[in-house]
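The structure appears right after this line, and notes come after that.
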Amino acid sequence: MALAYGTDEWLEEYNKLVEEGLASGPPFILGLPEWVSTYEKLVQGDETYKEVAKTWEGSVVLHILAKPEIGIERDIYVFMDLWHGEANYFRLVPPEVGEAGAFVITGEYERWKQVIKKELDTVKGMMQGKLKLKGDLPTIVRAVKAAVRLVELSATIDTAFEDEDSEIPPKVHDLLAKAENLGI
Amino acid sequence: MAYDLDLGFIFKMPTRIVFGINSLNDLSPEIALLKGTKAFLITDKGVEEAGLADMVVKALGSKWVGTYNEIPQDSGIHVVNEAYQIAKEKGADILVSVGGGSVIDTAKGVAILLKGGGKLEDYYGVQNLTEPQTPHIAIPSTAGTGSEVTWAIVVKDYERNQKIVFGDDHVIPNTAILDPNMVKGLPPMITAFTGMDALTHAIEAIHAIESEPISDGMAFYAIRLIMNNLPICVENGEDLFARGQQQIAATMAGAAFGLAQTGLVHATAHSIGALYKVPHGLGNSIMLPHVMAYNMDEVADRYALVAEAMGIKEKGMSDEEASKAAIEAVFELTKKIGLPQKLSEVGVPESGLEAAADLTLSDSQVIYNPKPIFDAEEVMGVLRKAY
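Chain order of the listed sequences is D and R. Each residue of the first sequence is one higher than the last, beginning at 1 in my numbering. Each residue of the second sequence is one higher than the last, beginning at 1001 in my numbering.
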């Protein structure tokens, strides 16, 4: 039976996954707990982000659509709790939590890879239909500097991409199997 | 800002365009093509008073199930929700919009609600729809908005006093009927500023950072048509050839900016429209040359091509000289067709410029301006010049 999201037991189990993932060292696989945790620390320590995001209010969810052939057997929701320049926490969350985020940006794996490689501008991607936005567009537009900084920081993570190494999909598969009791 | 190796775009133009004098007669067959049986008409009172709604109802015949006509100059989220309720009660399975951008955009919103239910607020966002919506045939009664071929719904949130942009490829109308008869009675002033709306779409599509060769092709030809035909339409509205050419130009410019987006002209026009009720085309018309002057050092090569399309680029002119000539040509055109030149002439209070500048930074189109804008003071500089 899945643990209830946000409980101490859930967090304990989730943090175990993060620690296990971090223990193997970089590069970290896109969208897995250790990648998300690395991203969180980067944003938390970034003075530029704090400055440009000081008026930002609301959670942002990066929704990566499932792609079973590279191990992403179900949708991944990266929840970023952001408030006035602070990154309170970034973590993977169950779909019902992710869908309830203030701003949910959805895209295929390939699109997120393009974003992280800085080949696709997030806002332009939305306009072109490469990414979907649930939430208030003017609010995102006003915070475009913060959004740009978030992408810049994600690009600095030493990232392993699921489709670039045949050893990665089984690892993703195993992680998601382990995370099933967390509902993520 | 010529194209480079980074060029990448998606071309989409799903609207079926039916053009010609008396093409309104094609309405019933076009509805049949879309398998519609119960057509709900969305329009406004001005269109009704001009007799155009009656012409459409007649063309619809037994397929007509009802009409909604309560659309103000700036449609609102609440207007879309209300129109939907009535369309639903009437059992509509296809929408026909007759009017300007406000009417067509309202119908796009109703198309979403007829398919998925709820309220327009439930669909806040961009590209969230996953399937085709209720079929929609747009019949523009102005030649400027381009809404008949665009993916955007611009409606006002009256509670926040801000224009909201919803965007989705699935709301692009299935069919646009461009019948010069539908615009021949348009008064000179409205002809003028809606025509300038089209010119702004074309020029902004060219300077926008998403510009690409296909949208450029449409935008440049639209500029040529507008420069040649808009003054004639203003002077003699009964000239159906010029009216038709202007309609085609407006649709081409609409398709161009639907692909390439716009820039600071639209962002500021949306803001002064939301705050001070300045008609969108008029706001665009006033802001256009000032924004071009502001952007000139970044995109003089693009404006030189605009000058070429306008037919005013002389041999030996540098890009800067040609850009200045293009800016001057815009001023001259607006004077020739009798439009106000300054924001102070259209009810914008000087004390309101700051609020307009601030609101501009929330407009989705500002991010496509060739010169990046993050600071309200930069916008204020342009607004002051336009004041």
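In this text, a Cβ means the ideal position worked out from N, Cα and C, and glycines have one as well.
- Within 8 Å of the CB of D/V144, the CB atoms of chain R belong to I1367, F1374, in sequence order along the chain.
- Close to R/G1125, with beta-carbon spacing below 9 Å, are these residues of chain D in chain order: F103, V104, M126, K132, L133, K134, G135, D136, L137.
- If only uninterrupted alpha helix (DSSP H) runs of at least 4 residues are considered, those enclosed by the segment 1007–1057 of chain R are 1027–1033, 1045–1049.
- In the structure shown, R/L1114 adopts helical secondary structure according to DSSP, grouped into three states.
- Of all alpha-carbon atoms in R/F1166, R/A1356, R/N1022, R/L1199, the one lying nearest the alpha-carbon of R/I1223 is that of R/L1199.
- For R/E1212, no chain D residue has a Cβ inside 7 Å of its Cβ, as the nearest lies near 11 Å away.
- Taking R/G1254 as the centre and dropping the five residues before and after it, the same chain places the C-beta of T1145, G1146, S1147, E1148, V1149, T1150, A1198, H1201 closer than 8 Å to its C-beta, in chain order.
- In this structure, the beta-carbon distance from D/I70 to D/P169 falls below 8 Å.
- Around R/E1082, the same chain offers Y1068, E1070 as residues with beta carbons nearer than 8 Å, after the five sequence neighbours per side are excluded.
- Nearest CB-CB separation between R/S1215 and chain D: not below the 8 Å threshold.
- Less than 8 Å divides the Cβ of D/V172 from the Cβ of D/I29.
- The beta-bridge partner set that DSSP reports for D/V60 consists of D/M80, D/F103.
- Note on geometry: alpha-carbon atoms of R/P1180 and R/Q1247 lie some 7 Å from one another.
- Linking R/E1320 to R/D1301 through their CA atoms gives a straight-line distance of about 8 Å.
- Three or more Cβ pairs drawn from the segment 1208–1223 of chain R and the segment 1252–1271 of chain R lie within less than 8 Å of each other, which places the two stretches in contact.
- Within chain D, G129 have C-beta atoms less than 7 Å from the C-beta of R/D1169, given in sequence order.
- Of the candidates R/E1238, R/A1176, R/N1369, the residue whose Cα lies closest to the Cα of R/V1098 is R/A1176.
- Between D/A160 and R/K1038, the alpha-carbon positions lie close to 54 Å from each other.
- Under the 10 Å beta carbon count, R/S1351 is surrounded by fewer than 16 other beta carbons and is classified as exposed.
- DSSP places D/F90 in the uninterrupted beta strand (DSSP E) bounded by 86–92.
- For R/L1178 against R/F1019, the beta-carbon gap comes to about 4 Å, under 8 Å, which counts as contact.
- Per DSSP, the continuous alpha helix (DSSP H) segment holding R/D1216 begins and ends at 1213–1235.
- With contact defined as three or more Cβ pairs closer than 8 Å, the segment 1074–1090 of chain R and the segment 1108–1122 of chain R are in contact.
- In the structure shown, R/F1374 adopts coil according to DSSP, grouped into three states.
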